[in-house]
Amino acid sequence: MNEKQVKLPNEHDKDVLLNIKDLKKYFPITAGFFKKTVGHIRAVDDISLYVKRGETVGLVGESGCGKTTLGKCIVRLQQPTAGALEYRFGEKFSDMLQLSKKEKFAAHRKIQMVFQDPYSSLNPVKNIFTAFDEPMRVHGMKNPEERKEKIAHLLESVNLPADYMYRYPHEFSGGQRQRICIARALCVDPELVVCDEPVSALDVSIQAQVLNLMKDLQDKLNLTYVFIAHDLSVVEYMSDRIAVMYLGKIMEIAKSKSLYYDARHPYTEALLSAIPIPRIEEKKGRIILEGDVPSPANPPKGCRFHTRCRKCIDICTKEEPKFLPTKDDPEHFVACHLAETVDPSELES
Amino acid sequence: MAETAAVMEQRKPKKSSLAKRNTERFLRNKLAVMGLLIVLFVVVLCLIAPLLTDYDPAKISLSERIQAPSSTHLFGTDKIGRDVFARVLYGGRMSILIGLSGAIGGMILGVIIGSFCGLYGGWLDSFFVKVAELVSSIPQLLLVLVLVAIVGQSMRNLIFVFIFTGWIATFRLVRGRFFSLREESFVEASRAFGISNVSIAFRHILPNCLGPVVVQLTLNTAGFILQEAALSFIGLGVPSSVPTWGNIMDAAKEIMVISNYPWLWVFPGVAIALFVLGVNFFGDGLRDVFDPNQM
Amino acid sequence: MSEQLNENILTLKGLKVQFRVGRRLVKAVNGVDLNVRRGKTLGLVGESGCGKSVTAHAIMRLLPKAGFIPEGEVTYYSNEGTVDILKHNPKGKTLRDLRGRQISMIFQDPLASLNPVYRIGDQIVENIRQHNRVPKEAAMKRTVEMLKQLSIPQAEKRVLDYPHQFSGGMKQRVMIAMGLINDPELLIADEPTTALDVTIQAQILELMQDLQKKLGFTIIIITHNMGIVADMADDIAVMYMGKIVEFGSKREIFLNPAHPYTKALLKSVPVLGSGSNSRLEPIRGNTPDPSEMPEGCTFAPRCDFAMDICKTDPPNFDVGGGHMSRCWLCKGGNGQ
Ligand SMILES: Nc1ncnc2c1ncn2[C@@H]1O[C@H](COP(=O)(O)OP(=O)(O)OP(=O)(O)O)[C@@H](O)[C@H]1O
Ligand SMILES: Nc1ncnc2c1ncn2[C@@H]1O[C@H](COP(=O)(O)OP(=O)(O)OP(=O)(O)O)[C@@H](O)[C@H]1O
Ligand SMILES: [Mg+2]
Ligand SMILES: [Mg+2]
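Chains as they are written, first to last, in this note's numbering: chain A, 1 to 349; chain B, 350 to 644; chain C, 645 to 980.
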């Protein structure tokens, strides 16, 4: 069985844009007068994930599982505790955490973020023009006329009239604001955009506008998205691949279709069955998870999900399952003792 | 595309919509508008004092001692024959000058220290928080006594005292705003563009503090004018040679004056009350305008 | 005792609720007609700000000071007699008695509805003793039983905890316990799961359905999630800008929607399992400002089928079998 080795994507794959390796982000918990560190919140705990150019990787999971923290590490709003964030800069593939100061600054141009709350994402005392103009200026667009033209163009590309650029945030509705935020993220021509729950704060009837717009922009500008949401239906609509997170770890990652039709992790199954579907045909049985999500400061030993898992066996409480590709699909990774995964020795290093 | 830009240039509104909205919001508050009018009225009267009266506020005229208000002396004269009307007007200049410069100085100091603490945090921040606690825990009067004892009694020193105590409110406000705004998404968005912390602090966070800071400025001005009056009244404020509202009221220390010559203290008293009331109404109106909950 | 109870437990007729905000008049609820069938679940769906919570608060007569009810009729048919809710003083004995004992409500935000300085158990006991003369011990026993039914582990010990010691899902279960402790006939749940995770949401919804089967109360569930009503409801009322634009059985609404808004709403949300191939169809524009409502049909400015006649307000047309729709397109009767 050993003749066919499973190859993991690495820096030699030309289409891998971002490769996250064993990323950790721990927040210290301090207590007492002297602010002594008494523990850590393991917001992101040993995550490996690659993102290919032009694709959308969805990130789902329940509140507090570390989605936003992972997104912020990717745009380097948070300094990871350990691990590597490799990114392809032209021909070079380098760890963003090891770059020089100047290169780090230039890297901000490549990766941008759209935030959850459109109401606090725009500075209330600055008009739209200023909000766009400053980043473009610091990233070396010297010609003011050119900048203004570009702003007009960007606003038009998110279906807003160009002369809205002199308006202030308070004049816009939530959906309009989120479209402005998307346009602003695009003003430095990024390749990768991390979208942190971009539609969660919007009315249901407005969500579709923004989602469709994001898809259109992706096609037009060949963008790569990391799309974070807690709503699996939204993530499925947007993503090529979906990563399911639980307590700081990725439990399963697969192509959207395989994840929906062929989930291998009990948590993914439960998550899928818990989503209320706005159709009255095709009702699947619901899997109800017992209990609550444990605290990320003190995750359960062994598999993190075992406290709520229906299929828990002895080994789950003792040993942490490895995150490995399944036997039949090298792009379908799962961390579960019960899933049929390749043997670690078969992995090409 | 160049055409679009030209068209847009024409459509660019003269006045920013934010300013327009804030003005509208302010004008809707009748009390605040009244406050502003009162303040302007008093300030203008004080400024054009030479046009309103020919008397020199310091000119002693023993022949005209303690005259009741009349057409020659609108507010009467004091115990050494100085014209009270002239003294209230010229005294207003000084009082407002002291209150305003104390408040402005405190504001500048508070904004600078507050921004640095909010920006860098750490030991710098803890140090100034402790200093602010210390200064605000000493009774104001004791502080003034000590400072007057050290630096002596003069108008400059009184302003200095006000600055020394007045920066704290602004400092706390700015620091607090920095800490809360630092977490806002628009600041994170700027950081995601690689914009430097200093630039974020001064271009993005500070402008958001200015509204509350201006409100604090008005309240401090009013407070300092009252304090100046109180300190001068007990003889610790400005030297009595300089006319201020407080120094004029000084005369009302004697019970005889209070009951028999009310014009000596009623007029400066009314001036203080009117002005402080106006400033407070105005400040309250501004506070509503800048209230983030109404954004 | 053999007197036939009305099939409906609650009927609203032309209910209007308005708010005076400064000089503006916000028409939050604009003539709502609604029949709530006894023992069934009614789903009230609509976008944020359409007036769902205000309707619920008006039924409970728990409106804030600025809010008033200029006209309308709310009738509650209980097994103890019929109550015309709008005729009574909101603070009077009849309504105080009605609230909490016969009609109870679960609010949108579980955090804000529990008092942080009292123990969980005491808060529920207090709620029992307000309406029944029972000794403390008995009330506490009942509380523990209830919490056990709601699958809170170690309920005997947890009743001594304070709210901050409970997770969001557990707090919401406490709210449900509080709502059901007095054995009400009608439970109004205002977005009971919006603040919760999907797996916890599934727990809570399942629980409410189980308890309804056991105890037989009526539920009005308020949500903006079409998926939740598809799971829970028997009847569905779709609300837009303070009006019920469509009402019908769940089957009718999902399989045969008649109002363009309902149709658009169903097409604008992604459905799990349909992947990224089928493109969503967004609804144009934004919801109008409730103090500057458009003339006639309020949905017309965003509607793809708007006609001249939409400038006048459409009445309620019967599409067939109790399926009602406020749209001129349905004028012909059977909707087709
Ligand atoms: N700056 C911080 N300091 C300390 N703890 C933090 C910080 N940011 C996040 N955390 C903690 O890390 C964990 C993960 O948080 P994160 O915001 O990434 O979750 P999330 O998956 O985005 O959740 P949500 O769906 O609620 O947005 C949480 O337990 C949170 O309390
Ligand atoms: N106390 C109040 N004063 C003024 N207007 C109010 C008040 N409460 C509600 N409104 C207005 O009434 C309208 C309906 O509000 P309501 O809370 O019922 O919406 P909802 O459908 O429950 O929305 P959500 O899904 O956001 O809870 C809104 O436009 C709101 O602005
Ligand atoms: Mg998050
Ligand atoms: Mg509501």
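We put the beta carbon where it would ideally sit given N, CA and C, even for glycine.
Buried/exposed call for residue i, threshold 16 Cβ in 10 Å
i	result
A/Thr341	buried
A/Asn127	buried
B/Ser444	buried
A/Asp133	buried
B/Leu462	Reading off the sequence shown, one finds Ile at residue 462 of chain B, where the question assumed Leu. The residue is buried, with at least 16 neighbouring Cβ atoms inside 10 Å.
B/Arg414	exposed
A/Pro299	buried
A/Lys72	buried
C/Asn733	exposed
A/Asn2	Any reading at A/Asn2 needs caution, since the residue's pLDDT is 44, under 50, leaving its predicted position unreliable; the model's value is listed next. It is exposed - the Cβ of A/Asn2 has fewer than 16 other Cβ atoms within 10 Å.
C/Ala756	exposed
Residue-chain proximity (residue i, chain B), Cβ-Cβ < 8 angstroms
i	result
A/Met214	no
A/Tyr168	yes
A/Val158	no
A/Asn127	yes
A/Asn123	yes
A/Met113	yes
A/Glu134	yes
A/Asp117	yes
A/Ser173	no
Any C-beta of chain C under 8 angstroms from that of residue i
i	result
A/Ile180	no
A/Met1	Here the model assigns A/Met1 a pLDDT of 41, short of 50, so the residue's position is not dependable, and the following value carries that caveat. No, its Cβ sits nowhere closer than 8 angstroms to a Cβ of chain C.
A/Arg88	no
A/Gln209	yes
A/Met245	no
Contact with chain A by residue i, beta-carbon distance below 8 angstroms
i	result
C/Pro926	yes
B/Phe542	yes
C/Lys894	yes
C/Val889	no
B/Ser529	no
B/Pro556	yes
Closer than 7 angstroms: residue i CB and nearest ligand 3 heavy atom
i	result
A/Gln116	yes
A/Asp231	no
A/Lys220	no
Any non-hydrogen atom of ligand 4 within 7 angstroms of residue i CB
i	result
C/Ser697	yes
C/Asp834	yes
C/Gln816	no
A/Gln98	no
C/Gln752	yes
Distance cut-off 7 angstroms: residue i Cβ against heavy atoms of ligand 2
i	result
C/Val761	no
C/Ala672	yes
A/Pro344	no
C/Cys694	yes
C/Ala710	yes
C/Gly690	yes
C/Pro1005	No statement about residue 1005 of chain C is possible, as the shown extent of chain C runs from 645 to 980 and does not include it.
Check: residue i C-beta below 7 angstroms from any heavy atom of ligand 1
i	result
A/Ser63	yes
A/Lys35	no
A/Phe27	yes
A/Ile242	no
*Contact between the stretch 686-699 of chain C and the stretch 657-664 of chain C: three or more CB pairs below 8 angstroms?*
In short, these stretches touch, since the Cβ pair count reaches three.
*Three or more C-beta pairs closer than 8 angstroms, one from the stretch 16-35 of chain A and one from the stretch 810-827 of chain C: is that the case here?*
no
*Considering only residues of the stretch 655-720 of chain C, which uninterrupted alpha helix (DSSP H) runs meet the minimum length of 4 residues and lie entirely inside it, listed in chain order?*
The stretch 655-720 of chain C contains these whole alpha helix (DSSP H) runs: 696-704.
*Which whole runs of the alpha helix (DSSP H) in the stretch 801-846 of chain C are 4 residues long or more, in chain order?*
812-824
*If you pair each beta-carbon of the stretch 625-633 of chain B with each one of the stretch 570-588 of chain B, do three or more pairs fall below 8 angstroms?*
yes
*asked:* Three Cβ pairs or more, each shorter than 8 angstroms: is that satisfied between the stretch 551-570 of chain B and the stretch 585-604 of chain B?
replied: The stretch 551-570 of chain B vs the stretch 585-604 of chain B: no contact.
*State whether the stretch 952-969 of chain C contacts the stretch 937-944 of chain C, with contact taken as three or more CB pairs (one from each stretch) at a distance under 8 angstroms.*
yes
*Flag this pair as touching only if the stretch 907-916 of chain C and the stretch 719-739 of chain C have three or more C-beta atom pairs under 8 angstroms; answer yes or no.*
no
*What are the complete alpha helix (DSSP H) segments, minimum 4 residues, inside the stretch 297-341 of chain A?*
Counting only runs of 4+ residues, the alpha helix (DSSP H) found wholly inside the stretch 297-341 of chain A occupies 314-318, in chain order.
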